[in-house]
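A.B. asks:
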Amino acid sequence: MRIAVLAVQGAFEEHEKVLWELGVESIQLRKASDLNKEFDGLILPGGESTVQGKLLRELSMLQPIRSRIQDGIPVLATCAGLILLAEHIAGDDTVHLGTLPVTVRRNAYGRQLGSFHYANGYFQGIGSFPMEFIRAPYVESVSDDVNILATVEDHIVGVQYKNQLAVAFHPELSGDYRIHEYFL
Ligand code: GLN
1 MRIAVLAVQG
11 AFEEHEKVLW
21 ELGVESIQLR
31 KASDLNKEFD
41 GLILPGGEST
51 VQGKLLRELS
61 MLQPIRSRIQ
71 DGIPVLATCA
81 GLILLAEHIA
91 GDDTVHLGTL
101 PVTVRRNAYG
111 RQLGSFHYAN
121 GYFQGIGSFP
131 MEFIRAPYVE
141 SVSDDVNILA
151 TVEDHIVGVQ
161 YKNQLAVAFH
171 PELSGDYRIH
181 EYFL
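As structure tokens, this is what we get:
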């Protein structure tokens, strides 16, 4: 198995490290031609979604990645990655990949709660999971066929829709690899 990690901006190295520790080969997607390489799954890391979206457009990677996702390649998206996938961003007309039928709210916890650790988050099918939130979004609403996998204080922070698994937090920073294992 080989997993491609989007590596234009953000916390991609942390995902590569988790994959390495799990004994899974990874490649970086930095430019459009990298998408011609073979891979079985895709990770969209955290970072800054506006910057990532802009780079994906400039590098002509947005449409090919969207097509791969629509064709069914498994995706794990964290934080900014979730924003890239969302069909709607609250209060913003921007759509990046737009393959995940949810509305997401960026920087949703305000300034004071910009970053926090939620020690006992619950992730469906996994159980208690330590969740790191960094200027995180949450999912404000989902279409009926989206599975809600995690909520924190009444906010949706983990969803799955067909081949797309998306979380508002950073499992790659928690030292707990069970969400990556679930994805793999
Ligand atoms: N605040 C970032 C955004 O809006 C996401 C933060 C993150 O990925 N940790 O894109």
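Note that the working numbering gives residue 15 to position 15 of the sequence shown, counting from 1, and the numbers run on in steps of one.
We treat Cβ as the ideally placed atom computed from N, Cα and C, and that holds for glycine.
Quantities reported herein were computed from a predicted structural model and do not represent experimental measurements.
#1: Taking the beta strand (DSSP E) that S174 belongs to, which residues open and close that run?
#2: Answer yes or no: the CB of A80 versus the heavy atoms of the ligand GLN, is any distance below 7 Å?
#3: Just to confirm my understanding: we take E48, look at its own chain, exclude 5 residues before and 5 after, and list those with CB closer than 7 Å. What are they?
#4: Can you check which of these residues, P74, V142, E132, M1, is closest to L22 by C-alpha distance?
#5: Excluding the 5 residues preceding and the 5 following I3 in the sequence, name in chain order all residues of the same chain whose CB lies nearer than 8 Å to its CB.
#6: Inspect the beta-carbon positions of L155 and E132 and report whether they are closer than 8 Å.
#7: Answer yes or no: the CB of A7 versus the heavy atoms of the ligand GLN, is any distance below 7 Å?
#8: Nearer than 7 Å: is that true of the beta carbon of R105 relative to any heavy atom of the ligand GLN?
#9: In whole angstroms, give me the CA-to-CA distance for V157 and A32.
#10: For the beta strand (DSSP E) containing L149, list its first residue and its last residue.
#11: Which runs of the alpha helix (DSSP H) at least 4 residues long sit entirely within the region 22-100? Give them in chain order.
#12: Would you list the residues sitting across from S143 in a DSSP beta bridge?
#13: Would I83 and P45 qualify as a contact pair, given that the criterion is a beta-carbon distance under 8 Å?
C.D. replies: The structure says:
#1: S174 -> no beta strand (DSSP E), and no H or E assigned at all.
#2: The closest heavy atom of the ligand GLN lies less than 7 Å from the beta carbon of A80.
#3: Within the same chain, E48 has close Cβ partners Q9, G10, A80.
#4: Checking every option, the nearest Cα to that of L22 belongs to M1.
#5: For I3, where only same-chain residues beyond five positions count, the Cβ hits under 8 Å are L19, V24, E25, S26, I27, F39, D40, G41, L42, I43, L184.
#6: Contrary to the premise, residue 155 reads as His rather than Leu in this sequence. Not closer than 8 Å, so no.
#7: Checking the Cβ of A7 against the ligand GLN gives no.
#8: For the ligand GLN, not one heavy atom lies less than 7 Å from the Cβ of R105.
#9: In this structure, the alpha-carbon of V157 lies about 30 Å from that of A32.
#10: 147-152 is the span of the beta strand (DSSP E), which, as asked, contains L149.
#11: You should have 49-58, 62-70, 80-85.
#12: S143 pairs with nothing; no bridge assigned.
#13: The Cβ-Cβ distance between I83 and P45 does not fall below 8 Å.
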